[in-house]
Each structure stands twice: as C-alpha cells, then as structure tokens.
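See structure below.
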Amino acid sequence: MSLQNFINEAISPWLKEEGDDSDIVLSSRIRLARNFMDIPFSIVAEEDDLQNVLDVFEDNFKHQSFGTYQDFELVRMAELEPVEKRVLVEKHLISPNLAENNSTGAVLISQNEQVSVMINEEDHIRIQLYYPGFQLENALEHASTFDDWLEEKINYAFDENRGYLTSCPTNVGTGMRASVMMHLPALVITQQMNRIVPAINQLGLVVRGIYGEGSEALGNIFQISNQITLGKSEKDIVEDLKSVVQQLIEQERNARNRILNDSGIELEDKVFRSYGVLAHSRIIQSKEASKCLSDVRLGIDLGLIQNVSNTILNELMVLTQPGFLQQYAKKILSPEERDVRRATLIRERLNLEKE
Amino acid sequence: MECQECEKRSATLHFTQVINGHKTEVHLCEYCAQEKGYMNNGEHNFSLHSLLSGLFNFDSAPSLSGSQSTSYNPKNSLQCEKCEMTYHEFTKTGKFGCANCYTTFNEHLHPIFRRVHSGNTKHDGKIPKRAGDAIHLRKTINEHKVKLKELIQNEEFEEAAKARDQIRELEKKLRNDRDGDS
C-alpha cells in the first residue's frame with residue numbers, strides 16, 4: 003500500500019475537516035455513559051447478560067444509519083488481532099480497557115468514524131462523538147440526539163434523583179465527559195502550564211495527556227475535560243469547559259506572539275532544527291518525534307514554515323504510534339525496529355509535501 | 005551511566021534486587037525497563053478508582069481491632085438483592101454492581117457523591133425521552149411554577165393567569181398518565 007493510501011485510511015474522515023480555532027484545538031469530544039436498566043453492570047455481570055447487551059446492538063443497530071452517521075459497523079474484540087485493537091485505541095475509537103474484553107466487548111462505528119459506541123466496557127454503553135476543532139456545542143447536540151436514537155430501543159438505567167446510573171460513582175448523573183484536545187506549545191515553552199493546570203483543576207476540570215488518564219502530554223497536546231457529572235446540566239458543563247478553553251486559546255495566542263516578538267530568531271531556530279531532525283533522522287523515538295512535530299506545527303501556525311500542511315501534527319502523532327507502525331509494516335516490530343520505521347515514515351510523509 | 009541492556013541510552017532507572025540475601029543492581033533506561041517487565045503499565049495498578057475506594061471508607065469508625073472490625077459495621081452487610089453486591093464490596097471496588105445498588109445503598113451515597121462531585125448529590129441534566137415522560141412533565145410544571153411566582157411578583161397578572169392554567173393542564177395530564185399506567 004502506498005503511504006498516501008495508508009494515511010487516507012488511517013486518519014478518520016472527520017479529522018480531515020477543519021473546525022473552529024483548529025490551530026490550537028485539535029478536536030472536541032462528548033462521551034456519554036449509559037447502562038441497561040435490567041442487566042447487571044459489566045463488573046458483576048455473567049457472560050450471558052453481556053451477550054444480551056451485544057445482541058441488542060446486533061439486532062437493532064448493525065448496518066443501520068442515523069442522520070449523517072451512515073452504515074454502522076459492529077466490530078467484536080474477539081475478531082481482532084492485537085495490532086488491530088491497538089490501532090483502534092490509537093485512533094481513540096476504543097479504550098485499552100475495552101480491548102481487553104475478548105468475550106463480549108465490541109464497538110459500533112459509523113463510516114466516517116465520528117461516532118463510536120463502546121459496548122460492554124465499564125458501562126454497557128459508552129457513546130463517543132468527535133468534532134474537528136473547537137465545536138463542543140455541536141458535539142453535545144449531536145451526541146444527545148444520537149443518544150435519543152439508541153434510547154428508542156434500549157431501557158436506560160435512569161433515576162430521577164441520581165440521573166443516568168453508571169458503574170462508577172464518578173460518572174453518575176449526566177454520564178457525560180466533555181473534552182477538548184489542545185496543542186499548547188507556547189504555554190509550555192513559557193512555563194505557564196505549571197501555573198495553569200492547578201487553576202483549571204480548581205474549576206472542576208481535569209488536564210491530561212493525549213492518551214487519557216495517567217498519560218504524558220506528548221507533543222504539547224493536552225486533553226481538558228470535566229470532572230463533575232452530577233448536579234450540573236450537560237449544557238452548563240459544556241459552557242464551563244468552553245469558557246476555560248477560550249481563555250486558554252487566548253493565552254496561548256498571546257504567548258505565541260510574545261515569543262515571536264521577544265525571541266523570534268531563537269524560535270525560528272528551534273522550529274527549523276526540529277524540522278531538520280524529522281526530515282533527516284534515521285532512528286527516532288516517539289517522545290522526540292512528538293516534540294519535533296509539535297515544534298514544526300507551531301512553525302506552520304506562525305508562518306515560519308511554509309508549504310507543509312498543518313494537518314501534519316494530527317496525522318503523524320497518530321501514524322507514528324506503535325500500533326500503526328506495525329500495521330503499516332504488516333508485522334510485529336521490536337521497539338528498536340519501530341524507531342527506525344518511525345523515522346522512515348516521517349521522512350516519506352514530509353517528501354509527500356514536496357511533490 | 006548507560007543502560008546495561010541496550011548500551012545506548014542512558015540509564016534512568018535503578019533497581020536493587022535482593023534474592024536469598026544476594027544483592028544485584030540493575031541499571032536500565034525507561035525503554036528497556038518496560039521491555040524487561042520492571043515497570044508496570046500504570047493503568048492496571050494504580051487507578052483513580054483505587055484512590056476513590058479509599059475515599060468511600062472515610063465515614064467508617066476508626067477500627068479498634070484492626071481490619072476485622074469492618075465486618076461488625078451493619079452497613080457493610082447491606083446487600084443488593086438484584087446483583088448480590090454487598091456495601092463492603094462496593095467500597096472495595098468503587099463500582100456499583102447494577103442499577104438497583106443505587107437504591108439499596110442510597111442512604112450511604114450522599115457523602116460519597118458530595119466528595120466526588122463537589123457537593124452535588126442530585127441530577128440536574130438530561131432526562132431520557134421515553135423512560136422519563138412523567139419526569140419531564142413534573143419538571144415542566146416546576147419550571148412553570150417558578151415562572152408564575154415571578155409573574156405575580158412583577159404584577160403581570162394576565163400572564164400569570166395563563167401560566168396558572170398551563171400548570172393545571174399539565175397536572176391533569178400527569179394524573180391521567182399515572183392512571184393509565186396502573
């Protein structure tokens with residue numbers, strides 16, 4: 003397969019579109035946790051119970067369409083090779099947790115990969131809906147109508163006082179986790195993140211790395227989401243998150259301008275050194291690759307680097323993950339082999355730009 | 005110091021193993037430590053949930069006779085009749101077993117929710133369409149009642165009369181729906 007074709011398949015169609023403020027906000031996501039009223043939660047359920055959950059999706063939603071979400075595919079974890087699961091995790095379509103449920107775990111994915119429904123994760127149902135850029139309200143609206151569509155066929159566990167009942171008390175109420183993925187290189191360079199993160203935490207929001215709980219902020223990409231799910235409406239939660247994200251966008255833009263004015267040549271040097279590393283290295287670890295990709299993307303956003311498309315960060319952050327590298331190579335690779343493949347793939351991708 | 009495994013990267017992790025009194029030291033880079041299984045993948049060991057379950061126990065009385073005392077606590081023997089999860093199990097795993105657990109453990113949940121959700125204990129968000137018809141009605145009625153109060157305060161009596169009629173209409177509908185169910 004040519005690299006161009008591989009990229010086309012690897013990058014979710016929705017991610018190729020531009021959204022608001024997409025120079026800083028890479029994507030917006032709404033996740034809703036739901037459970038069946040009469041079936042025990044995954045933690046204590048028998049395999050038969052969870053099989054029933056799966057059957058409901060098999061019978062009612064497989065190959066169905068809803069609005070712009072066409073032809074839902076139902077993929078069982080049991081049918082997938084470990085590498086294929088890893089690829090789905092790296093595309094954020096499933097969680098590592100779901101990948102481990104080989105008996106009854108499954109995922110329902112729309113053709114454009116904008117909606118995925120994890121089945122038999124910690125909760126019976128976890129709806130995830132993505133939008134490119136900063137579009138939390140759109141994401142909430144569509145996630146909610148999609149949720150209504152599922153509810154036509156499913157009796158949700160719901161209580162007037164407690165809201166949507168979930169396996170973990172941290173999700174009860176709205177069952178909603180709204181999040182945005184942000185590229186904040188200038189706030190990191192100017193060492194403001196250390197000050198900002200605790201402030202954000204105090205507002206009931208959480209800052210994490212790109213691959214969720216406990217992960218590092220590779221490539222200066224941060225995920226910001228709500229912590230509280232009970233006692234606030236979905237709209238208020240999204241509003242609160244939105245206002246914080248707006249402030250972060252502004253601060254990041256200010257920081258970028260300040261660096262450009264105060265130490266333009268140093269920044270230019272940093273950006274082009276990283277470009278050089280990506281364009282010429284033969285062995286590169288993922289940490290270094292993400293750092294350089296972040297620098298190059300910053301260079302593109304500030305107009306220092308031209309003729310390289312700004313989707314390169316989003317694309318290569320995903321493509322250079324271990325799962326994708328192995329899928330592209332069509333074999334299992336040792337970490338050392340991956341570092342070589344990663345370097346090759348990045349060089350090839352940059353060459354595509356020149357054509 | 006360089007990593008003794010790959011002999012390329014610098015060693016950032018230093019392990020000391022004592023097996024049968026024999027001490028060995030291992031110096032590895034992060035990469036090789038992962039490969040050799042010296043490091044645990046964080047996800048499985050120390051999660052938010054293990055932290056949380058620690059919080060759940062905060063209201064149990066300090067034990068006098070070690071860990072055994074928890075079994076004397078009457079609420080620990082509370083058991084959900086649907087999924088058979090006990091309150092004790094719930095505090096250990098930090099997860100509910102089924103929807104009914106919320107009812108069974110209801111009176112002990114307030115402090116937990118308050119801690120996890122900054123003082124909130126009552127849902128104020130979406131209500132499912134199909135499952136929540138009656139709830140929807142009651143909610144609309146309450147909203148109208150708040151509006152009615154405002155209108156009366158502002159002395160907009162004409163509008164207030166309209167709102168009052170709407171409330172009556174909705175309450176009638178709610179009563180009919182309930183009768184229809186039974």
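Chains A and G are the protein sequences, given in the same order. To convert a position in the first sequence, counted from 1, into the working numbering, add 2. To convert a position in the second sequence, counted from 1, into the working numbering, add 4. Heads up, the beta-carbon is just placed ideally off N, CA and C, and yes, glycines get one too.
Rounded to the nearest angstrom, the gap between the Cα atoms of residue 297(A) and residue 261(A) is 13 Å.
For residue 157(A) against residue 38(A), the beta-carbon gap comes to about 6 Å, under 8 Å, which counts as contact.
With at least 16 other beta carbons inside 10 angstroms of its own, residue 250(A) counts as buried.
Rounded to the nearest whole angstrom, the CA to CA distance from residue 328(A) to residue 133(A) is 27 Å. Considering only beta carbons, the part of the segment 129 to 155 of chain G lying closer than 7 Å to chain A consists of 129, 130, 132, 133, 134, 135, 136 and 139, in chain order.
Residue 154(A) is classed as exposed because its beta carbon has fewer than 16 other beta carbons within 10 Å across all chains shown. In this structure, the CA atom of residue 19(A) is about 15 Å from the CA atom of residue 31(A).
Within the segment 170 to 232 of chain A, the complete alpha helix (DSSP H) segments at least 4 residues long are 187 to 191 and 195 to 204, listed from N- to C-terminus. When the five nearest sequence neighbours on each side are left out, the beta carbons in the same chain lying within less than 6 Å of the beta carbon of residue 68(A) are those of 151, in order along the chain.
DSSP places residue 346(A) within a helical segment (H, G or I) once states are collapsed to three. Proximity of residue 25(G) to chain A, defined by a Cβ-Cβ separation below 8 Å, is not satisfied. Assignment of beta-bridge partners to residue 72(A) by DSSP yields no partner.
Listed in chain order, the non-local C-beta contacts of residue 66(A) below 6 Å within the same chain comprise 74, local neighbours out to five positions each way being set aside. When C-alpha distances from residue 33(A) are compared across 159(A), 71(A) and 236(A), the shortest belongs to 236(A). When C-beta distances to chain A are compared with 7 Å, the residues of the segment 94 to 114 of chain G below that value are 97, 98, 99, 100, 101, 102, 103 and 106, in chain order. In this structure the segment 165 to 182 of chain A lies against the segment 95 to 108 of chain G, because at least three pairs of beta carbons, one per stretch, are closer than 8 Å.
Residue 126(G) is not bridged by DSSP to any residue.
The DSSP-derived three-state label of residue 33(A) is strand. With a threshold of 8 Å between beta carbons, residue 35(G) makes contact with chain A.
Along the segment 301 to 335 of chain A, the alpha helix (DSSP H) occurs as fully enclosed runs of 4 or more residues at 314 to 321 and 324 to 331, listed in sequence order.
Residue burial annotation: residue 180(A) is buried, with at least 16 other C-beta atoms found within 10 angstroms of its C-beta. Residues of the segment 125 to 141 of chain A with a Cβ closer than 8 Å to any Cβ of chain G: none. Across the segment 162 to 184 of chain A, CB contacts with chain G closer than 9 Å involve 162, 163, 164, 165, 166, 167, 168, 169, 170, 171, 172, 174, 175, 176, 177 and 178, in sequence order along the chain. Boundaries of the beta strand (DSSP E) around residue 127(A): 127 to 134.
Going by DSSP, residue 28(G) is part of no alpha helix (DSSP H) but of the beta strand (DSSP E) stretching over 26 to 32. Between the segment 27 to 42 of chain G and the segment 5 to 12 of chain G there are three or more inter-stretch CB-CB distances shorter than 8 Å, so the stretches are counted as touching. Counting along the chain, residue 155(G) sits inside the alpha helix (DSSP H) bounded by residues 137 to 157. In the DSSP assignment, residue 108(A) falls within the beta strand (DSSP E) that extends over 108 to 111.
Secondary structure at residue 298(A): helix, using DSSP grouped into helix, strand and coil. Under the Cβ criterion of 8 Å, residue 233(A) is counted among the residues facing chain G.
By the Cβ neighbour-count rule, residue 343(A) is buried, with 16 or more other Cβ atoms within 10 Å of its own.
Taking the C-beta atoms as reference points, residue 96(A) is found no nearer than 8 Å to residue 110(A). Membership of residue 119(A) in the beta strand (DSSP E) is indicated by the continuous run 117 to 121. Taking C-beta separations shorter than 7 Å and ignoring five residues to either side along the sequence, the partners of residue 124(A) in its chain run 44, 99, 169 and 170, following chain order. Straight across, the Cα-Cα distance linking residue 280(A) with residue 254(A) is about 24 Å.
Taking every protein chain shown into account, the CB of residue 94(A) has 16 or more other CB atoms within 10 angstroms, so this residue is buried.
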